[in-house]
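Below you'll find the structure, written out as structure tokens, and then a few comments.
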Amino acid sequence: MARKAPFPERDGWYTHYVSYGETDAMAVVYHAEYLHLFERSRSAFMRETGISYRVAEERGVMLPVREASCRYRTPIRYDERIHVRCGIAKWGRASVEFVYEIWNDDKTVLHATGMTGHACVNLEGKPVAIPDWLRELFQ
């Protein structure tokens with residue numbers, strides 16, 4: 001079995017209270033909502049580094065998701081306070097991979113792990129190299 005890589009040193013945390021609308025008939029967070037939590041934490045992580053998605057797009061760079069995965073470990077329930085950890089695991093020439101962990105309020109229970117892979121494209125949707133200014137923000 002492959003050994004899991006440590007979480008990236010440069011990370012960010014997003015805190016979230018689960019709303020009723022995010023749960024399913026079993027009163028747990030609906031499986032697709034985890035991708036929304038990843039997106040919210042990724043946006044917060046970018047803002048913490050000094051740039052928002054909107055500003056990156058104004059500079060001509062878009063980062064569409066091309067791959068996503070989630071490993072569900074322990075259910076999350078309505079009104080729980082959770083913390084989503086986000087970091088960058090890998091850079092490609094024209095791509096970036098974010099990784100995530102979702103923890104309970106006191107960070108003793110790992111609810112889920114995941115990743116999203118993103119292409120770097122210009123405003124016309126053509127692949128472009130990750131700009132140095134973007135890479136430098138995260139390092």
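Residues in the sequence shown are numbered consecutively from 1, following the UniProt record's numbering. Think of the CB as a built atom: it goes at the ideal place given N, C-alpha and C, for glycine as much as any other residue.
Taking C-alpha positions only, Tyr34 is separated from Ile102 by approximately 9 Å. Between the stretch 12–20 and the stretch 78–94 there are three or more inter-stretch CB-CB distances shorter than 8 Å, so the stretches are counted as touching. Residue range Val65 to Tyr72 is occupied by the beta strand (DSSP E) that includes Ala68. When C-beta atoms of the stretch 57–77 are compared with those of the stretch 120–129, three or more pairs fall below 8 Å, so the two segments count as touching. Short of 8 Å from the beta carbon of Ala68, and not among the five residues preceding or following it, lie these beta carbons of its own chain, in chain order: Leu35, Phe38, Gly114, Met115, Thr116 and Gly117.
When DSSP states are grouped into helix, strand and coil, Gly21 belongs to the helix group.
For Arg59, the three-state secondary structure derived from DSSP is coil.
Residue environment analysis places Met46 among the buried positions, since at least 16 neighbouring C-beta atoms fall within 10 angstroms of its C-beta.
With 16 or more other CB atoms across the displayed protein chains lying within 10 angstroms of its CB, Ser41 is buried. The closest CA to that of Cys70, considering only Val55, Tyr53 and His111, is found on His111.
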